[in-house]
Amino acid sequence: YRGKIADSSSLKGRHKTQWRKTQKKRLHRGDIGTVVIEIRKLIGETPTADQTTWLNYFENHGMAHRRMDYSLSRNSHLPIGSGAIESAVRRVINLRVKSNATYWLRENAETIIRFRAWIKAGRAEELFHQTTYASTELLA
Numbered sequence: 050y051r052g053k054i055a056d057s058s059s060l061k062g063r064h065k066t067q068w069r070k071t072q073k074k075r076l077h078r079g080d081i082g083t084v085v086i087e088i089r090k091l092i093g094e095t096p097t098a099d100q101t102t103w104l105n106y107f108e109n110h111g112m113a114h115r116r117m118d119y120s121l122s123r124n125s126h127l128p129i130g131s132g133a134i135e136s137a138v139r140r141v142i143n144l145r146v147k148s149n150a151t152y153w154l155r156e157n158a159e160t161i162i163r164f165r166a167w168i169k170a171g172r173a174e175e176l177f178h179q180t181t182y183a184s185t186e187l188l189a
């Protein structure tokens, strides 16, 4: 939405390009608060319905839920962007769970998807320890 916000504003040419780049750098540094302030400044006191939707996206996903803390994600070696997420979905789910003549009960499909995600993330050993300790606690 960063580009849509800039496009919907009165900014033109290199000023628009510079605004986009500056906000992108701020997002990558984890400075979502400043990005939201700059969006508010740019759209003014009477934003359009679309501008309000885009601002709400940054406020909800960036500020309230911290889903846009790209600095933390990068420091944790997590992928950023929809391409990486879509690739993960393809690798974790589509290649193993979806196939011709394969039918799953919902709870079994969810279990295998979680299991595949743990394996692909290199965390199978951690999952094993969690389930082993949980099982022994239940038996006691």
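Take the position in the sequence shown, starting the count at 1, then add 49; the result is the number in my numbering. Quick reminder that beta carbons are idealized off the backbone N, C-alpha and C, glycines included. Keep in mind the model is a prediction, meaning the values are calculated, not measured.
Query	Result
Three-pair Cβ contact test at 8 Å for the stretch 122-138 versus the stretch 95-104	no
Cβ neighbours of L91 in the same chain (closer than 6 Å, five flanking residues each side left out)	S58
Option in T151, E87, A113 and Y119 with minimal Cα separation from Q67	E87
R155 burial status per 10 Å Cβ neighbour count (16 or more: buried)	exposed
Extent of the continuous alpha helix (DSSP H) run through K74	G62 to R78
Local Cβ density within 10 Å of A55, reported as buried at 16 or more and exposed below that	buried
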